[in-house]
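Undergrad:
Chains as they are written, first to last, in the numbering used here: chain A, 109 to 319; chain B, 109 to 319.
So this is what it looks like as structure tokens:
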């Protein structure tokens, strides 16, 4: 059987990545799609566009709208929401921990816990202690993981992952990419991305049936 | 009975306004919501943000994504799509004709026809002849309407409508505003906006029941 695969590109500082992260597990399970969590950094991508912070800070009307829109979305999903301070959070350390955990069974839980800490509790995810707490709750050796996250290898790994995102045409988060090269952007496109990944497999299966 | 009202803010040059315009009539009818078509110009709003053209032209990755995303959306909706040339189209004359027709029964049909001309047939909506053709098909005296569209009064009317959009926090198109001050942005938010407007009435009705 062909694997139904979807890459979920997340940035820990990204607001709309929060509801997307909370929703993707169930949506993918129901569609029989395997999701790969791929943390990356928007900072270098925004910088290449001439932005030195979140566009929600640069463009005031867009920022005001986003906070209200996110509030309505979270209300409908019954997700708690506090506004991170500072915004955007410095997501570098969390992204390094996550990228180093690409093959760990706890990666998805770690990502969800980071979003909850940031957007449901208002913790500052830039703080090593916050991430250590999350890792500890997952039963992971936090000191070892936090040290490894600062190694040259992991720094390079995150840099490469961010460059790959950029090569795939990613310019915001959350984003989703399929094996046949489709890109979907935004929490709004989660369902479309999952459906596309699921049909992709269907097409492959039909091709193999007709042989 | 309280009127269920929703303002639909459209820019004729805006790509995602095309599927939104094609969808809003049915969605609003099914929800018992009355939609007011409110043409405005994004140009002055973009200019205030330091942009001299569409952000889809300024930010290449975002532009490439938008065209593919719009293609997928239109395919799913069975809407034809051609890429306007030039993009964005100069929508000034069309917006002036539409703003002057705020109280005309043919306003909605005119708006839909402009989008079809631009995105389904690839006509240049900056051309008076294209708009004259549309007005003629609607049984409207086109020469009179096109002349009136260039009057100082109508120019001022469109300027005021654009300023109102900006005051409401609008920064892109399509946008939707409700009577209780909610703003929804994007073709993706059409259903949420219609549902909100419809519930608004429900709340008003419940308040009046409990008197």
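Even for Gly, the Cβ is constructed at its ideal location relative to N, Cα and C.
Bear in mind that the values here come from a model prediction, so they are computed numbers and not experimental data.
According to DSSP, is residue 210 of chain B part of a helix, a strand, or is it coil?
TA: Against the second chain, residue 210 of chain B aligns to sequence position 102. Of the three classes helix, strand and coil, the one that applies to residue 210 of chain B here is coil, per DSSP.
Undergrad: What's the call for residue 190 of chain B, buried or exposed, on a 16-neighbour Cβ count within 10 Å?
TA: As a working note, residue 190 of chain B is residue 82 in the second chain. Counting Cβ neighbours within 10 Å, residue 190 of chain B comes out exposed, since fewer than 16 surround it.
Undergrad: Kindly indicate which three-state DSSP category residue 285 of chain B falls into: helix, strand or coil?
TA: Indexing the second chain from 1 puts residue 285 of chain B at position 177. Residue 285 of chain B: strand per DSSP, three-state reduction.
Undergrad: Tell me where the alpha helix (DSSP H) around residue 78 of chain B begins and ends.
TA: Chain B is shown from 109 up to 319; residue 78 of chain B falls before or after that span and cannot be answered.
Undergrad: Quick check: what's the CA-CA separation for residue 244 of chain A versus residue 227 of chain A?
TA: On the first chain, residue 244 of chain A is found 136 positions in, with the first residue counted as 1. On the first chain, residue 227 of chain A is found 119 positions in, with the first residue counted as 1. Whole-angstrom Cα-Cα distance: 20 Å.
Undergrad: Residue 117 of chain A CB to nearest chain B CB: under 8 Å?
TA: For the purposes of this step, residue 117 of chain A is taken as residue 9 along the first chain, with counting starting at 1. For residue 117 of chain A, the answer is no, since every Cβ of chain B falls outside 8 Å of its Cβ.
Undergrad: Chain B partners of residue 169 of chain A, CB-CB under 7 Å?
TA: If you number the first chain from 1, residue 169 of chain A lands on position 61. What residue 169 of chain A touches in chain B: 277 and 279.
Undergrad: At the 8 Å Cβ level, is residue 124 of chain B part of the contact set with chain A, yes or no?
TA: The residue given as residue 124 of chain B occupies position 16 in the second chain. Cβ-Cβ to chain A under 8 Å: no for residue 124 of chain B.
Undergrad: Report yes if the CB atom of residue 296 of chain B is closer than 8 Å to the CB atom of residue 296 of chain A, and no otherwise.
TA: Your numbering for residue 296 of chain B matches position 188 in the second chain. Your numbering for residue 296 of chain A matches position 188 in the first chain. For residue 296 of chain B and residue 296 of chain A, yes; Cβs fall inside 8 Å.
Undergrad: Runs of 4 residues minimum, wholly inside the stretch 127 to 174 of chain A: which ones carry the alpha helix (DSSP H) assignment?
TA: Whole alpha helix (DSSP H) segments, 4+ residues: 151 to 156 and 163 to 166.
Undergrad: Inspect the beta-carbon positions of residue 281 of chain A and residue 125 of chain A and report whether they are closer than 8 Å.
TA: Along the first chain, read from residue 1 onward, the residue named residue 281 of chain A stands at position 173. Along the first chain, read from residue 1 onward, the residue named residue 125 of chain A stands at position 17. Yes, the pair counts as a contact, with Cβ atoms nearer than the cut-off.
Undergrad: Skipping 5 residues on each side, what residues in its chain have a beta carbon closer than 8 Å to that of residue 142 of chain B?
TA: What you label residue 142 of chain B is simply residue 34 of the second chain in a count that begins at 1. Taken in chain order, the residues that qualify are 111, 112, 113, 114 and 136.
Undergrad: Report all residues from its chain with a CB closer than 8 Å to the CB of residue 215 of chain A; omit the five preceding and five following residues, and keep chain order.
TA: Taking the first residue of the first chain as position 1, residue 215 of chain A is located at position 107. Excluding positions up to five away in sequence, the list reads 145, 206 and 209.
Undergrad: Just grab the DSSP bridge partners of residue 268 of chain B for me.
TA: Here residue 268 of chain B is taken as the residue at index 160 of the second chain, counted from 1. According to DSSP, residue 268 of chain B bridges with nothing at all.
Undergrad: Is the CB of residue 308 of chain A under 8 Å away from at least one CB in chain B?
TA: Numbered from its first residue, the first chain carries residue 308 of chain A at position 200. With 8 Å as the cut-off, residue 308 of chain A does not count as an interface residue toward chain B.
Undergrad: Are there 16 or more other CB atoms within 10 angstroms of the CB of residue 253 of chain B, so buried, or fewer, so exposed?
TA: Taking the second chain and counting its residues from 1, one reaches residue 253 of chain B at position 145. Flag for residue 253 of chain B reads buried.
Undergrad: Around the Cβ of residue 117 of chain A, are there at least 16 other Cβ atoms within 10 angstroms (buried) or fewer (exposed)?
TA: Counting from 1 along the first chain, the entry for residue 117 of chain A is found at position 9. Buried is the call here.
Undergrad: Tell me, please, which residues DSSP counts as bridged to residue 279 of chain A.
TA: One-based indexing of the first chain puts residue 279 of chain A at position 171. Per DSSP, none; premise fails for residue 279 of chain A.
Undergrad: Assign residue 187 of chain B to one of three DSSP states: helix, strand, or coil.
TA: Taking the first residue of the second chain as position 1, residue 187 of chain B is located at position 79. It is coil, neither helix nor strand.
Undergrad: Please report how far the alpha carbon of residue 291 of chain A lies from the alpha carbon of residue 301 of chain A, in whole angstroms.
TA: Here residue 291 of chain A refers to the residue found at position 183 of the first chain. Here residue 301 of chain A refers to the residue found at position 193 of the first chain. Rounded to the nearest angstrom, the two C-alpha atoms are 8 Å apart.
Undergrad: Can you pull out the residues from the stretch 212 to 233 of chain A whose beta carbon lies closer than 7 Å to at least one beta carbon of chain B?
TA: Listed by position, the residues of the stretch 212 to 233 of chain A near chain B (Cβ gap below 7 Å) amount to none.
Undergrad: Nearest by alpha-carbon distance to residue 192 of chain B: which of B:221, B:229, B:203 and B:213 is it?
TA: Within the second chain, numbered from 1, the residue matching residue 192 of chain B stands at position 84. It is B:229.
Undergrad: Residue 134 of chain B versus chain A: which residues are under 7 Å apart at the beta carbon?
TA: In the second chain, residue 134 of chain B corresponds to position 26, counting from 1. Within chain A, no residue comes near residue 134 of chain B; the closest Cβ sits about 20 Å away, beyond 7 Å.
Undergrad: Cα separation between residue 271 of chain A and residue 262 of chain A?
TA: Along the first chain, one-based indexing puts residue 271 of chain A at 163. Along the first chain, one-based indexing puts residue 262 of chain A at 154. Using only the alpha carbons, I get a separation of about 14 Å.
Undergrad: Going along chain B in order, which residues have a C-beta closer than 9 Å to the C-beta of residue 296 of chain A?
TA: To locate residue 296 of chain A, count along the first chain from 1; it is residue 188. Result: 294, 296 and 297.
Undergrad: Less than 8 Å separating the beta-carbons of residue 279 of chain A and residue 166 of chain A?
TA: As a first step, residue 279 of chain A is located in the first chain; it is residue number 171 there, counting from the start. As a first step, residue 166 of chain A is located in the first chain; it is residue number 58 there, counting from the start. No, the pair does not count as a contact, with Cβ atoms beyond the cut-off.
Undergrad: What would DSSP say about residue 227 of chain B, mapped onto helix, strand or coil?
TA: On the second chain, position 119 is the one that residue 227 of chain B refers to. Of the three classes helix, strand and coil, the one that applies to residue 227 of chain B here is helix, per DSSP.
Undergrad: According to DSSP, is residue 313 of chain A helix, strand or coil?
TA: For this step, residue 313 of chain A is matched to residue 205 along the first chain. In this predicted model, residue 313 of chain A has a pLDDT of only 47, less than 50, meaning its place in the structure is not dependable; the value taken from the coordinates is given anyway. Helix, per DSSP.
Undergrad: So is residue 140 of chain A buried or exposed if we call it buried at 16+ other beta carbons inside 10 Å?
TA: In the first chain, the residue the question calls residue 140 of chain A occupies position 32. Answer is exposed; the Cβ neighbour count stays below 16.
Undergrad: Straight-line CA distance for residue 288 of chain A to residue 277 of chain A?
TA: The residue given as residue 288 of chain A occupies position 180 in the first chain. The residue given as residue 277 of chain A occupies position 169 in the first chain. Spanning the two alpha carbons is a distance of roughly 14 Å.
Undergrad: Can you tell me whether DSSP reads residue 93 of chain B as helix, strand or coil?
TA: In the structure displayed, chain B extends from 109 to 319; residue 93 of chain B sits before or after that span and is not available.
Undergrad: Counting only the same chain and skipping the five closest in sequence on each side, list residues whose C-beta sits under 6 Å from that of residue 109 of chain A.
TA: The residue given as residue 109 of chain A occupies position 1 in the first chain. For residue 109 of chain A, the predicted structure reports a pLDDT of 47, less than 50, and the residue's modelled location is therefore unreliable. The matter cannot be settled from this model.
Undergrad: For residue 157 of chain B, is the classification buried or exposed, using 16 other Cβ atoms within 10 angstroms of its Cβ as the cut-off for buried?
TA: To locate residue 157 of chain B, count along the second chain from 1; it is residue 49. That one is exposed.
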